[in-house]
Each structure stands twice: as C-alpha cells, then as structure tokens.
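All remarks here apply to the structure that follows.
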Amino acid sequence: MNFRNYKRLAQRGFTLIELMIVVVIIGILAALAIYGVTRYMRNSKTAEARNSLGQLGKDAAAAYNREGMAATVLALGGATGVVNRLCETATATVPASAADIKGQKYQSSPAEWTAGSRTVGWQCVRFSMESPQYYMYGYSATDVENTGGTFTGTAQGDLNGDDTLSTFSISGTIQEGTTGGKIVTLAPNIEEVNPEE
C-alpha cells in the first residue's frame with residue numbers, strides 16, 4: 616500500500632451503517648441507565664419505611680419494658696404489683712388516608728403522633744416523624760400483657776401513584792425469658808409486600 620492510498624483511507628469518514636450502530640448502542644445504554652436510576656430512586660424511598668419500622672419496633676419493645684403501676688393511692692401497708700404491657704392499638708394511622716401519600720410526601724403534625732393515652736396508641740409507643748413521609752404508618756397489638764401477645768407496625772406507601780399499596784411490617788411478641796419474667800422479641804426481618812409500588 617502506498618502513501619496515497621493510506622492517506623485516502625485515513626481521511627475516510629464513518630459510513631451510515633456504522634453511525635446507526637453507534638446510535639442504537641447509545642440508545643440501549645440510555646434505556647438501561649434510566650431503568651437503573653428509576654429503580655435506585657424507588658429503593659432509596661423504601662429506605663424510609665425500613666428505617667422507620669426498625670425504630671417503631673424498638674420503641675414498642677421499650678414501651679413494654681416501662682414499668683406500669685396502678686394510679687390510685689395505696690392504703691398504708693398496701694402494695695401494688697409492677698405491670699409490663701405492650702401499648703394498645705393506635706386508633707388511627709398517620710396519615711389517616713392512603714390518598715395523602717399517593718405518589719407524594721405527607722407532612723404529619725405532632726398532634727397526630729400524640730393521639731392515644733399513656734397505654735394506648737402513638738402516645739404510648741412514643742414513635743413520631745418530623746420530616747415529610749412517603750408512607751402511612753400504623754400500629755396494632757393483641758393480648759398486651761400475656762405471653763404470646765403481639766404487636767405489628769406497618770408502613771404502607773404508593774410511590775408511583777397507581778393506587779396499589781406497598782406494605783412493610785415488623786412484628787414482635789411477648790415470650791417467657793430464660794431467667795424468668797417476660798421479654799419482647801422482634802422479628803429478625805421486615806416483611807415486604809410489593810415494595811416498589
């Protein structure tokens with residue numbers, strides 16, 4: 616090959632087919648990148664539910680460990696026993712409706728987290744959120760004083776606004792301790808149903 620032919624090949628541009636192949640490859644990579652970023656964004660939003668339920672589970676177990684006694688005046692020489700109990704079921708979720716978190720965040724008020732009483736609901740659990748939230752939180756309990764009694768904390772969300780709720784839940788139960796007495800144990804993992812909805 617002489618210098619002239621080499622020069623002509625070196626100045627030659629890309630053919631139309633070569634350019635089309637490059638455009639197709641870039642298009643495929645862009646589609647994959649968009650899918651990956653979207654999935655990453657949804658997963659980062661679900662971190663709110665996982666972190667908050669972990670804290671809710673700890674708060675519910677701590678509430679059980681707080682000692683409770685009768686609030687009445689004792690007779691001289693009288694005694695009262697110490698009672699450990701789970702908080703009773705919260706009467707309302709925060710927010711009250713799934714429509715409030717449909718594809719958007721909700722800013723709860725402190726009053727929503729103080730609903731209940733010393734032994735009932737959010738006021739008893741002492742769980743609250745100050746930042747805007749993607750999820751609707753609930754708390755329920757059964758047989759709050761006895762072995763086998765359980766509680767469940769839930770977070771439901773609709774990240775993509777399609778009216779299908781994702782549900783995350785953590786549970787705990789009252790068990791007999793190995794050294795006597797009762798303890799609350801938490802599930803080792805958070806249950807997830809439709810986590811990216």
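In the working numbering, the protein residues as written are 616 to 812.
The C-beta atom is built at its ideal place from N, Cα and C for all residues, glycine as well.
Inset, instruction - Return the CA-CA distance between Met-744 and Ser-723, expressed in angstroms with no decimal places. - result: Here the C-alpha atom of Met-744 lies approximately 7 Å from the C-alpha atom of Ser-723.
Legend entry - Through-space distance from Thr-757 to Met-751, alpha-carbon basis: Each residue's Cα considered, the two are about 21 Å apart.
Legend entry - For Asp-773, three-class secondary structure by DSSP: The answer is strand: DSSP assigns Asp-773 an E or B state.
Inset, instruction - Look at Ile-785 and Gly-672 and say whether their C-beta atoms are less than 8 Å apart. - result: Yes, Cβ-Cβ distance for Ile-785 and Gly-672 is below 8 Å.
Legend entry - Spatial distance of Gly-753 from Gly-651 (CA atoms): Answer to the nearest angstrom: the Cα atoms are 31 Å apart.
Legend entry - Which residues DSSP lists as bridging Thr-757, in chain order: DSSP output for Thr-757 lists Thr-765 as bridge partner(s).
Inset, instruction - Could you tell me the distance, in whole angstroms, from the CA atom of Gly-696 to the CA atom of Gln-771? - result: Those two C-alpha atoms are separated by around 39 Å.
Inset, instruction - Determine contact between the stretch 763-783 and the stretch 721-735, defined as no fewer than three beta-carbon pairs at a distance below 8 Å. - result: Contact between the stretch 763-783 and the stretch 721-735 is absent: fewer than 3 CB-CB pairs across the two stretches fall below 8 Å.
Legend entry - Three-pair Cβ contact test at 8 Å for the stretch 730-743 versus the stretch 784-800: With a cut-off of 8 Å, the stretch 784-800 and the stretch 730-743 do not count as touching, because too few Cβ pairs lie within range.
Inset, instruction - Give the single residue among Ile-805, Leu-701, Gln-670, Val-688 whose Cα lies nearest to the Cα of Ile-900. - result: As displayed, the chain neither begins before 616 nor continues past 812, which places residue 900 out of reach and without an answer.
Inset, instruction - Return the chain-ordered list of same chain residues with a C-beta closer than 7 Å to the C-beta of Thr-800, the five sequence neighbours on each side being excluded. - result: So the qualifying residues of the chain are Gly-787, Thr-788, Gln-790.
Inset, instruction - Work out the CA separation of Glu-663 and Lys-717 for me, nearest whole Å. - result: Going from the Cα of Lys-717 to the Cα of Glu-663 covers about 15 Å.
Legend entry - Terminal residues of the alpha helix (DSSP H) in which Leu-801 lies: In this chain, Leu-801 is not harboured by any alpha helix (DSSP H); it is covered by the beta strand (DSSP E) spanning 797-801.
Inset, instruction - To the nearest angstrom, report how far apart Asn-658 and Asp-778 are at their CA atoms. - result: So the two alpha carbons sit approximately 18 Å from each other.
Inset, instruction - For Asp-674, collect the residues of the same chain with a Cβ closer than 6 Å to its Cβ; drop the 5 residues on either side in sequence, then sort them by chain order. - result: So the qualifying residues of the chain are Val-740, Arg-741, Phe-742.
Inset, instruction - Identify every residue that forms a DSSP beta bridge with Lys-660. - result: Per DSSP, none; premise fails for Lys-660.
Legend entry - Assumed close pair Thr-706, Ala-678 - CB separation to whole angstroms, cut-off 8 Å: The C-beta distance from Thr-706 to Ala-678 rounds to 16 Å, too long to meet the 8 Å contact threshold.
Inset, instruction - Can you tell me which of the three DSSP states Val-808 falls into? - result: Three-state DSSP puts Val-808 in a strand.
Legend entry - Whole alpha helix (DSSP H) elements within the stretch 706-746, 4-residue minimum: List check, alpha helix (DSSP H) in window: 725-728, 736-740.
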